[in-house]
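Residue numbers (my numbering): 188 to 282. Here a beta-carbon is modelled for each residue, glycine too, at the ideal position from N, C-alpha and C. Just so it is clear, the structure is predicted and the values come from calculations on it, not from any experiment.
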């Protein structure tokens with residue numbers, strides 16, 4: 188969806204780095220969210236990677252901070268929203 192609004196590939200790479208790195212750091216992949224400050228833990232709940240990391244953690248270890256079913260529901264919802272947004276934005280380019 189973001190790529191539909193940019194003219195060149197360099198701008199896309201720059202924006203992706205600014206989006207991916209904070210999302211990755213907030214996901215709980217590098218440190219346990221249970222020991223994070225409340226503000227950071229709350230911000231991580233808005234991050235779709237948090238649910239992916241916790242889902243994978245449950246599949247690999249059988250333990251997770253967030254219920255596996257809830258992770259699947261949230262990831263499915265994020266997927267539906269962002270695919271719909273991408274379809275809308277790319278269709279707007281063709282018009």
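Scanning the region 192 to 260 from its first residue to its last, no whole beta strand (DSSP E) run of 3-plus residues comes out.
Looking at 248, 253, 243, 246, the one whose alpha-carbon comes closest to that of residue 231 is 253. By the CB criterion at 9 Å, residue 224 and residue 261 fall outside the cutoff. Of the candidates 200, 201, 233, the residue whose Cα lies closest to the Cα of residue 215 is 233. In this structure, residue 218 sits away from residue 241, with a CB-CB distance that is not shorter than 9 Å.
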